[in-house]
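Written out as structure tokens, the structure reads:
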């Protein structure tokens, strides 16, 4: 049975490979395949595929990539959205364009959704709901949302995962991992960009997003973190009508945070809403280390008394203590304009390679800070400043933690909403108390003692294991089993070009031999004759001509004379 499943999965992969190659070739992105050393595929795509339309020919490369990802569907849309948060590994023009990816596709008929709900819950629809509205109120590539009412009378919204989406995503993840392995093998400095790590991060994220029970747990975790805070509200999760492919939450009504006119008409305080939103977000990040990863205006509602309600927790971010400390130290150094301290923070975090030019890095950081020197602190847009900072350190081949890049993107959105609500919104002012508190906690005697204790424990473990490790190394040396593995990266393309050149040289020698041999045979009148010429000579000249013409056409098509 397992073998049949694997065969079906391989067939799906082959079909999907063909579709991906077709779409990329259709949008003029065949050079991506060439970069991965798919030489034969590239040659075929050059002969067969052309830009999809005259409009595609005039699009920029980022626009072509965005349209291609949208056409390839769920997995690639989500991958593009992830890459739009990774300014450390792709150019800014691509980051800006991928941020416009549309994750909206036509909703499925209600009969399919009803069958999916009953399959996931394991009971007929009527045992959980009085009714589910056939018309979806929202739809995306992974799930669509319907209003409903439970049999107990509560008005709810039901988020239903699309049938077949899990299998399709798993097939795409297999393909992406194969591409990532090729990139890691052929791409120079792949240790900085870490394509395999990006795909692993992406697969982890999208698998969590497809498991709707995880979204329900995320809602409850953040609600527990803000327990007792009357300024925030989180929808209730109804677990009796929730499964991996179905999430049922409380239906809430409020004013969208972007609807300024409605907020003012309701007599709500825009400045207070901005203040509460900023403090809630900073508390999620700097205190809890667990934050809403997609707080766009459609996911933020305002209730009476300026209460803020957050929706859609499908994407969340996490900051472990080490990343929180790194973020705090960076922000403190930037606000205090401490170039020397900031450079040391980046290096000591372990994200800088040995080839980093410290002098060039310090100069770039000084210029970065000088650009904000004349700007009052309250006018600094912290999110955009951090985006510039990430772009700067990325150009110096320094890794950035993925959740940190997501955080910066979210911070830009939160800060934008705050400034729209309150023209005098001061993110630095809201940020300073949290930074001061975090800084005090990091340098408190108790924290320092615990860190010293952990460091001492690590050294003791090292001292205990050192004799055993040395003995194992010496034993391997004595048995001639000690070896060092060296991996050469970036040489495969050179090796392939060398093979191609050698093949062309051999082909040239064969053609020359055919011509010389045929010329010698032409001088005699022995053997069978064809149209008055020796047949062997005629055959040799014909073969040499056909092979020579084919060889010249291949060289001209490759564009390399």
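Numbering (this note's numbering), first residue to last: 47 to 607. The beta carbon of each residue, even a glycine, is placed where N, CA and C say it ideally should be. This structure is a prediction, so every number in the text was calculated from the model and none was measured.
Cβ pair count under 8 Å reaching 3, the segment 279-298 against the segment 322-339
No, the segment 279-298 is not in contact with the segment 322-339.
Can we say the segment 261-272 touches the segment 136-146, given the rule of at least three CB pairs closer than 8 Å?
no
Is it true that the CB of residue 336 sits closer than 8 Å to the CB of residue 391?
no
Taking its Cβ as the centre, do 16 or more other Cβ atoms sit within 10 Å of residue 330, making it buried, or is it exposed?
buried
Would you check if there are 3 or more beta carbon pairs closer than 8 Å linking the segment 173-185 to the segment 151-164?
yes
Whose C-beta lies closer than 8 Å to the C-beta of residue 257 among residues of the same chain, with five residues either side of it excluded?
290
Taking buried to mean at least 16 other C-beta atoms within 10 Å of its own C-beta, is residue 360 buried or exposed?
buried
Which first and last residues belong to the beta strand (DSSP E) in which residue 205 is found?
Segment 201-207, the beta strand (DSSP E) holding residue 205.
Between which two residues does the beta strand (DSSP E) containing residue 294 stretch?
292-296
Tell me the start and end of each unbroken beta strand (DSSP E) in the segment 271-346 that is at least 3 residues and wholly inside, in chain order.
292-296, 336-338
Secondary structure, alpha helix (DSSP H): runs of 4+ residues fully inside the segment 384-443:
For the segment 384-443, whole alpha helix (DSSP H) runs of length 4 or above, ordered along the chain, are 385-394, 404-416, 428-441.
Taking 6 Å as the limit between beta carbons, can you name the residues of its chain near residue 122, skipping five residues before and five after?
115
Is DSSP giving residue 650 helix, strand or coil here?
Nothing in the structure corresponds to residue 650, since the chain is present only between 47 and 607.
Run through DSSP, which three-state label would residue 175 get?
Of the three classes helix, strand and coil, the one that applies to residue 175 here is strand, per DSSP.
Same chain, Cβ closer than 7 Å to residue 120, five either side skipped, listed in chain order:
187, 188, 211, 214, 215
Can you tell me which of the three DSSP states residue 365 falls into?
coil
Contact under 8 Å by Cβ, residue 298 with residue 356:
no
Exposure label - residue 452; buried when at least 16 CB within 10 Å
Classification of residue 452: buried, given that the 10 Å Cβ count is 16 or more.
How is residue 53 classed by DSSP in three states: helix, strand or coil?
Reliability fails at residue 53, whose pLDDT of 44 lies under 50, so the model's placement of it is uncertain and no value is given.
Within a Cβ cutoff of 8 Å, which residues of the same chain sit near residue 295, ignoring the five residues on either side of it in sequence?
Excluding positions up to five away in sequence, the list reads 202, 203, 205, 262, 265, 281, 282, 283, 284.
Give me, in chain order, the residues of the same chain whose beta-carbon lies closer than 7 Å to that of residue 183; leave out the 5 immediate sequence neighbours on both sides.
191, 192, 193
What are the residues that DSSP puts in a beta bridge with residue 191?
184, 205
Would you mind reading off the limits of the alpha helix (DSSP H) that contains residue 147?
Residue 147 -> no alpha helix (DSSP H), and no H or E assigned at all.
Which same chain residues, not among the five before or five after residue 255, have their C-beta less than 6 Å away from its C-beta?
360
Residue 357 - containing alpha helix (DSSP H), residue span:
Note, residue 357: premise wrong, no alpha helix (DSSP H); not H, not E.
DSSP state of residue 105 mapped onto helix, strand, coil:
Reduced to three states, the DSSP call for residue 105 is coil.
Closest residue to residue 409 among 439, 382, 270, 126 (Cα-Cα distance):
For residue 409, the nearest C-alpha among the options comes from 439.
In terms of alpha-carbon separation, which member of 104, 432, 305, 524 lies closest to residue 381?
For residue 381, the closest of 104, 432, 305, 524 by C-alpha to C-alpha distance is 432.
Of all the options 219, 218, 221, 173, which has the alpha carbon lying nearest to the alpha carbon of residue 198?
173
Does the pairing of the segment 458-475 with the segment 511-526 give three or more beta-carbon distances under 8 Å?
no
Just the C-alpha distance for residue 338 and residue 305, rounded to the nearest angstrom, thanks.
21 Å
If you draw a straight line from the alpha carbon of residue 124 to that of residue 303, how long is it in whole angstroms?
25 Å
Considering only DSSP beta bridges, list what residue 221 is partnered with.
Partner(s): none; residue 221 has no beta bridge.
Should residue 436 and residue 454 be called a contact, given that it needs their Cβ atoms to be closer than 8 Å?
yes
Return the bridge partner residues of residue 562 from the DSSP annotation.
The partner list for residue 562 (beta bridge, DSSP) is empty, contrary to what the question assumes.
In three-state terms, what does DSSP make of residue 252?
Per DSSP, reduced to three states, the secondary structure at residue 252 is helical.
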